[in-house]
Each structure stands twice: as structure tokens, then as C-alpha cells.
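Down below is the structure, laid out as C-alpha cells.
Protein chains in written order, with the numbering used here: chain S, 1 to 334; chain P, 1001 to 1305; chain F, 2001 to 2349.
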């Protein structure tokens, strides 16, 4: 069994809206091994959720995958039929969404919604499914599971709802769990509990996790690898240590710098990244981050930067990294 | 829930009383009485009739008399249709109107909900466009226009369907069609926009993420949520069907309650007017109450203060 | 390593690696313009073809109903002897004779009715009545309803509860029933007042039937508007920018005027526009039954009603008013829909 669980190669995805083609993903490549916890970091609109949905084949209309391939567990998912995809969803690949209140159907009980998934993929009958549902509720740390089974989503607190979502996602012991900002809608204390829960379950079930978030703190705690996205492109990829201690891309550096530090004694200004995100409807040809970059060069505005390997498994898309090489290469060519 | 119900029932009774009282006193503002259209009866005859029906008493006394009778279930005799009791006329008329109206509502629901759902699913495609076109025209064209056009086509030109009365199954077709036109169109549009909104919800995304087949996503998750606004519309739908019956019954000469209501107004048949108004008002109010309760059963989120 | 360098040197230049100037960066930042609420809404409306066509039709209808009759040779109550029951574009014997004698006879586009009255002008006047009722009634509803709803919503507390109690009661009243009864019973007292009490003659000029309809609408139909406005005000009241405005020292009037009402305007416009066709429908419904405006003033509903008897022989007498009503109601509905799509921030798409 190969090490690679997920291999996304050079995908391009656009939304063909009435206003024009919105290039949501522009040549994105991500690879993941079994047992990894991959963090995808970026601001709103960077394409992190779109990437996740494309793995599950849930890209919303009018979006379309126009190039590239997605390989999961040895199979090419982007070429699968809808029926085959449905076998995967909820079964081998599961997703936990951002807002548990709106993600759960308000007119059905907790039991109904969990058992639905179980009965669909395992063929259990209702009684067995309910037994399993109780186990799951226990597993995700919900107290009084018997009582909760019969309740409706609006009767539970935010943290509990998210636990229910996780229970649904784990019902069939998936190989990959995609968590799309699972704690953004929750209080900070609950946040910690949910994240801890996810890590515990990872060990128990032996699954891999993709954690999508804009919160670097979460990523530092949980993930083994990080992909930084900006405007539909992976601008930097590496292990947690590499990214945090040796960031190469100006955007990554900006993100890390903007985190206020507790230990600063003097009053320092909060450092923000100037400018606004790119309009994906009229994306420029060069590096998407160029207008906001302090070290922007002329070439950055004209051409999309290529990936430069910094170390094994750490690369970044930035012309600055090519500058020295070019300087050397230029001399050797003369 | 009990508290909410009691409050609603109380308001209903209050409203009914207001309607009845208002109707009572308003009627007397209209000059002419029920007996003046007859072939010039003599003064004495009119006086005698007035006395028989208690019309010569002061208004307050008449009011009191009427309501004491009302509470014991007696709505009095019809002043125009000599020899018939109001209760009797209402019950025969209502049976007819209820049948026609009931069929119209059934058609509206059974056609409107699927139409609207299909339009939402095939959003932007030709099915959606056609359904939108039909339903938009449907809510704009008044029922009497529909009725008369239908009559024009099917009775006059094609000679297929009868124009008046209600004796065979054929007689039911045009009245039911005329009455159901508007609500079908309205429910279609309502269902379409509701379904569109539901389909964009997060829990539909969750359902898909579970790997559920499309039909289960639609019928189990989407429909149940999308149909809620239609349930709330059922109350006004009933009111519409009632009032629509006034026109449709008149055009097709259907012996229903709507027809006799209009006639009784034009004829100044006071007891009929009172009886019918109270009956219809009570019907609408009770139906609205039932719809409120049904809605609570269907949507577990609703809590009432 | 050198492989890469060779590849690069084919495409690039040393100067490419110089820092980029601020202006160069700016040129690439093209942010979408932020437009004002009105301009945004109107441009969206203009793009909506159906709404634009409906607006055009409404304008045409307005001209047809209010301006055209002044230029029309016939009047609505004028009964032309010998020209009874003419078909569209048909001329009576007398009229033909006059034409042969060299005179000009204006054609009866839709024929005449049993009393020799030209149908076209009657349709025009009927449309005028319908449009008048629709617009004035909706305006009254807007005025009463929004004031009531805004006050109730803004004041809140016990006042709000009481005010809404009244709304609940009126809402529960089956409107058509009451309207019919009111229409029948108010006519005569109004007529009396118009004829006897000094200063009320204007009732006769406008017409008792019309005034009746206006009164009835003002009494019953404002509740829907009141509820909508109240719920808008309630939710807007809690918005953070209201709290912010208060924190900055804005007074109540300024808050209501600048923040609350302006955010309501979209809803107000849409609701009022959609109220118009339902008012028109009610008017034609009432006239159809026979309790609308009084003869000889034509109403599209009463024209349709009287046309049923002669349906086989004179179908056009039904089609003309029926078509007119449908067109008017349809265009207002479509315009209202278009306005809602254009101005309501909660996008329907």
C-alpha cells in the first residue's frame, strides 16, 4: 500500500458566472501521505474550501474542474462516475463543515441524521444503526447520548452540534476527514475541545485529516504539513517547522508577522498586510500577491512565479528565490 | 402551546363577534328593505311583514334578539326565500361550494408543488422558463377572466362542456379549473422560490457529502423544508377559494354558498346576509387556526410566545 | 541548477528583477467600483428586460388611460343613436351615409355596446378607474401602514404589543366579506353627505363608488404593510450601525430618518408596487359582482360582467376589458418582481 493518500495535480477550477469566469483555482497541486494532518491556510477567497469540495466532487454550480487530476487512495476521482463518487462520500472521505447550525437539517432528529449515513453505506438496519449511532455519540464526547438522539439540532449548543457533525462524518470510519474551518463558529474554549477530539479520533481510527483554516494557531498545534494558499494558488508548502521557522514566501512571512506577540515589551504597531485581495474575475497575469508585496519586482507583475524547492518537501512560488540563481546563472552564461 | 392556543381562540371569537356586529349595523345603513322589490305590496303588507320579521323594533333590540337566537343555533328564516330557514340554505349551499372548492385546492396543491419543484431543479432551463411563464400569467389573470375565456372556448366554440348547473361530472370541470388557476400558479412560484432557497442551504450540502443519491436529497431533505411556506399559504388559499367561489359560481350558475351570498346582499335578505357572513367568517378563522397548528407540527423549530 | 538558469535566461532579463515601483503596482489593482444604493439598484433594474418591458407597458397604459381620452372624439357616456351593437371597425347606417357625404367618422375600434356607446373610450375610462384605484389605494396603504408599523416597531414594548394586537384582529377579518358589505352599506350615507353637508361636494365629482373603495382599502389593507415595515424596523433597530450611530451621539429622528427608513425604502417600493395589482384586482372583482363604481362610469370589471350575456354574438366585448385587466395586473406584478430583484439586498438568485 503506497504512502500517498491524496495526490492533487495541477488542477484548475473556474466558476462560469453571469459576470464572467472566476478563476478560483489556478494550477493547484497538493500531496498528502497516510497519517498526515495537512493544514490549508489562507484568507477568504483564497480557494481553500473550493479545493476541499473538489476532492469530494461537491463543487457547486456553476463551477467546473477544467484541468488536472485528483488521485485518492490510488483511484482517479475526477474521472469517476457520480455513482462511484457517492460510494466514496461519507464513507471513505468525509467532511465537517463550518457552521453546524445550518449544516444540520432542522426538521430531523440527531438520530435520524446519523443513522442515515450509517444505513446508507453499511447496509445495517435501523436498530443496529441506532446502536452504532449511540457508540459514535459516546465517542465524540456527548453526554446523555440517549436523550440527545431524539433531539433536534436547534435544541443543542454549538459545540454539541459540531460533535454531532463529527459523529456523522466518522460513522463509516473514513480514510480522510476534511474539516472546513470546523471551529470558526465556536467559542475559543469549545474550539480547543473539538480540536483535541479530532486528534484523539485520528489516532483511534487511523485516519488522515485535512484542516482548512485561516487561524495559524490551530495549524501550529495540529498539523504536520501546511499548504499556504493565496488567490487560488498554493504559494508555499512545507512541514510545520519549516513554515513557521523558515518561511520563504512574502505572504507567509506577512501572515506570521501579523500575529501579535504577547511577549513584546514595548508598544509596537500591529503589522498588517497592506492592500486588498485579488479580484478573481480579472486576475492579473503575474503573481497574485504582487501588488501587496513589499519586495515586488518588475517580473512579479508580468509572470506567474514558478515553484522553487527550498528543501525536501518545502517549496515556494516566488521570483525572489530565483533571483540569486538567476544572478549566478547569468554570470555563468556570459 | 396551550397558552398560545387559548390566546388565538380568544382573538378568533372576538374577531367573529366584531365581524357579526359590524355586518349587522352596516346592513341597516342601506336603504330599502327585503320586501321592497316585490311587486308593489301595499303599505299594510309591508308593515305586517316588518312586524313578522321583527324589523320594526329598535336596532338594539333586534341585535339582542338575533344573538340570543344565534347562540341557540337558530339563524332565523330567510327573508327573501320564503319558507326556508337560513341554516338549511347555508348547509345545502355549503356542500356544493365545499366540493368544488375542495377539488380546486386539491388540484392546486397536486399540480403546484411538483411544478414548482421541477422549475427549481431545472433552474434556467426550458422547463423552468415555461413553468415560470405559465405561473406568472396565472397570478395576473383574474378568475373571472379565466372563467369567461374557458366558457368561450369550451362551451361556445367547441361545445364540449355545459355552461351552467352542476348535474354531471362534466359540469365540474370548468368551475374547478377556473377556481384553481390562480392558486396553482401561486403555489408553483412559492414552491419554486422556496425550493431554490432550500437547495442553497448548508444541510443540503451535508446530505450530498454523506453520499446520498439525488432523489433522497430532494425528497427527504429538500422537500420537507421547502414545503413549509406552502403550508402557511393554505390559510389564505382557503379564503381565496371562498371568495373566488362568489364569481365562479355566479358565472357558471353553480348553486353554492357564494352565489347565494351575493344574491342575498343584492336582495337585502338580512338574515341570509348575517348567517352567511358569520358562517364564512367562522370557517376562515377556524381554518387559519388549524393551519397554524399544522405548521407547528411540521416544523419543530417554531416556538410560540 | 545550471539547467534551470539556462531556461530562465531565455525568457527573462536582468532588469526584470529590479524592484517594481508603486505606480506599476497600482495599475494592476483594479478594484470593482463601489456604487451607491440607488445607482446600483437602477442599473440592475435596467438590465432586467422583462421589468423594463413591463415599465414601458405601464407607461403606455397610463397614456392610454389618462391622456388619450382628451383627444378622443367620443365620450364614455355618449350614446349614439343608430350605432348600437356595432362590431369592431363596423359603421352604422347613419355613419356610412355621412362618410359617403364626405364627412369624417372616427372608427369604433372595438365596436359599440347595446346603448351605442363606443367601447374603446369606455375601455380607456375603465382603465383609468382601475389605475386610479390601484395607485391611490396603494399609496394610502403605504402611508398608513408604514407610519403605523414604524411607530410600533420603533417604540417597542407595551405600545408595540397593543398596536400589533389591533393588527392581528384586523388581519383575522376575512377581507372580501367585509369589503362587500362595506361597499354596499357605505354608498348611501356617503351619497347623503355629499348631497347635504356643505364642503363635501367633491365626493360627487370623484364619485361615491371610488371614495367607498378608498375608504375600504384604508380601513383594511394597511395591516399587511404595517407588519412588514414593523418587522423591518425591528431588525434594523438592533443593527450595529444604529448602536454605533447612537454612540456617536445621533438623536432619534436622525436615526429613524437616515438609518432606518432609508434601509426600508427598497422594501417599501417593492411592497407598494406589488400592492397595486391586488388593489386593481379587488376593484374589478367588486365591479364584476356589481358593487363597484356606479354606472354610467365604466369599470373593466363591470364591462366584463355585462359582456357575458352576449358572449356568443359579441365576444370582443369580453375580450377587450379582460385583456386590459390582465395586462395591467401582469405588468405591475412583473415590475414589482423586477424591483425586488434589483433593490432587495437579499438576492433572489
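Just so you know, even glycine gets a beta-carbon here, dropped at the ideal spot from N, CA and C.
Straight-line Cα distance separating residue j from residue i
i	j	result
residue 1305 of chain P	residue 1004 of chain P	For residue 1305 of chain P, the predicted model reports a pLDDT of 34, less than 50, meaning its position is unreliable; a value from the coordinates is still stated below. Going from the Cα of residue 1305 of chain P to the Cα of residue 1004 of chain P covers about 7 Å.
residue 2277 of chain F	residue 2134 of chain F	7 Å
residue 1211 of chain P	residue 106 of chain S	19 Å
residue 359 of chain S	residue 66 of chain S	Since the first residue of chain S shown is 1 and the last is 334, residue 359 of chain S is not available in this structure.
residue 2136 of chain F	residue 2211 of chain F	11 Å
residue 1022 of chain P	residue 1016 of chain P	10 Å
residue 6 of chain S	residue 205 of chain S	18 Å
residue 1230 of chain P	residue 2119 of chain F	41 Å
residue 1133 of chain P	residue 2334 of chain F	11 Å
residue 2125 of chain F	residue 2076 of chain F	7 Å
residue 151 of chain S	residue 267 of chain S	50 Å
residue 1209 of chain P	residue 155 of chain S	23 Å
residue 198 of chain S	residue 2039 of chain F	49 Å
residue 2298 of chain F	residue 1153 of chain P	26 Å
residue 332 of chain S	residue 322 of chain S	Its pLDDT being 43, under 50, residue 332 of chain S is placed unreliably in this model, and the value from its coordinates should be taken loosely. Spanning the two alpha carbons is a distance of roughly 15 Å.
residue 1121 of chain P	residue 64 of chain S	19 Å
residue 2160 of chain F	residue 2153 of chain F	6 Å
residue 87 of chain S	residue 117 of chain S	11 Å
residue 10 of chain S	residue 1225 of chain P	39 Å
residue 2310 of chain F	residue 1009 of chain P	48 Å
Per DSSP, cross-strand counterpart(s) of residue i
i	result
residue 239 of chain S	S/225
residue 94 of chain S	S/177
residue 2108 of chain F	According to DSSP, residue 2108 of chain F bridges with nothing at all.
residue 338 of chain S	One cannot answer for residue 338 of chain S here, as it falls past the ends of chain S, which runs 1 to 334.
residue 123 of chain S	None; residue 123 of chain S has no bridge partner.
residue 233 of chain S	S/230
Extent of the continuous beta strand (DSSP E) run through residue i
i	result
residue 23 of chain S	20 to 33
residue 314 of chain S	314 to 317
residue 65 of chain S	63 to 72
residue 171 of chain S	Note, residue 171 of chain S: premise wrong, no beta strand (DSSP E); not H, not E.
residue 209 of chain S	208 to 213
residue 309 of chain S	307 to 311
residue 2173 of chain F	Element bounds for residue 2173 of chain F: n/a, residue is neither H nor E.
residue 38 of chain S	37 to 41
Beta-carbon neighbours of residue i, restricted to chain F and to distances below 8 Å
i	result
residue 1047 of chain P	Under the 8 Å cutoff, chain F gives no residues; its nearest Cβ is about 22 Å from residue 1047 of chain P.
residue 1012 of chain P	2172
residue 336 of chain S	Given a span of 1 to 334 for chain S in the structure shown, any question on residue 336 of chain S remains unanswerable.
Endpoints, alpha helix (DSSP H) assigned at residue i
i	result
residue 15 of chain S	Residue 15 of chain S -> not in any alpha helix (DSSP H); beta strand (DSSP E) instead, spanning 4 to 17.
residue 2148 of chain F	2119 to 2155
residue 2249 of chain F	That residue, residue 2249 of chain F, is in no alpha helix (DSSP H); it is neither H nor E in DSSP.
residue 2313 of chain F	Counting along the chain, residue 2313 of chain F falls outside any alpha helix (DSSP H), and DSSP gives it neither H nor E.
residue 80 of chain S	Run containing residue 80 of chain S: none; DSSP gives neither H nor E here.
residue 1172 of chain P	1169 to 1199
residue 1117 of chain P	1086 to 1121
residue 276 of chain S	Premise fails: residue 276 of chain S is in no alpha helix (DSSP H) and is neither H nor E.
residue 203 of chain S	Residue 203 of chain S -> no alpha helix (DSSP H), and no H or E assigned at all.
residue 1321 of chain P	Since the displayed chain P opens at 1001 and closes at 1305, residue 1321 of chain P lies outside it and no answer follows.
residue 147 of chain S	145 to 149
Chain-ordered neighbours of residue i on chain P, where CB pairs are closer than 7 Å
i	result
residue 2284 of chain F	1142
Where residue i meets chain S, residues with beta-carbon distance less than 9 Å
i	result
residue 1212 of chain P	86, 89, 90, 116, 117, 120
residue 2018 of chain F	297, 298, 299
Neighbouring residues, chain S, relative to residue i (Cβ below 7 Å)
i	result
residue 1299 of chain P	107
residue 1224 of chain P	107
Interface partners of residue i on chain F, CB under 7 Å
i	result
residue 978 of chain P	There is simply no residue 978 of chain P to check, as chain P begins at 1001 and stops at 1305 in what is shown.
Under 9 Å by beta carbon: chain P residues contacting residue i
i	result
residue 58 of chain S	1205, 1208, 1209
Subject >> Meets three-Cβ-pair contact criterion under 8 Å: the stretch 67 to 82 of chain S and the stretch 300 to 311 of chain S >> reply: no
Original post:
Is it a yes or a no for the stretch 2220 to 2230 of chain F touching the stretch 2141 to 2157 of chain F, going by three-plus beta-carbon pairs under 8 Å?
Top reply: yes
Subject >> Segment contact, 8 Å Cβ cut-off, at least three pairs: the stretch 1228 to 1245 of chain P with the stretch 1276 to 1288 of chain P >> reply: yes
Subject >> Stretch-stretch touch, CB-based, cutoff 8 Å, three pairs: the stretch 1200 to 1207 of chain P with the stretch 1138 to 1158 of chain P >> reply: no
Original post:
Is the number of C-beta pairs between the stretch 228 to 248 of chain S and the stretch 163 to 183 of chain S that are closer than 8 Å three or more?
Top reply: no
**OP:** Examine the Cβ distances between the stretch 159 to 174 of chain S and the stretch 130 to 150 of chain S and report whether three or more of them are shorter than 8 Å.
**Re:** yes
**OP:** Answer yes if the stretch 1216 to 1230 of chain P comes into contact with the stretch 1111 to 1128 of chain P, meaning at least three C-beta pairs across the two stretches below 8 Å, and no otherwise.
**Re:** Touching, per the Cβ criterion.
**OP:** May I ask you to verify whether the stretch 2282 to 2293 of chain F touches the stretch 2106 to 2118 of chain F, counting CB pairs closer than 8 Å and requiring at least 3?
**Re:** no
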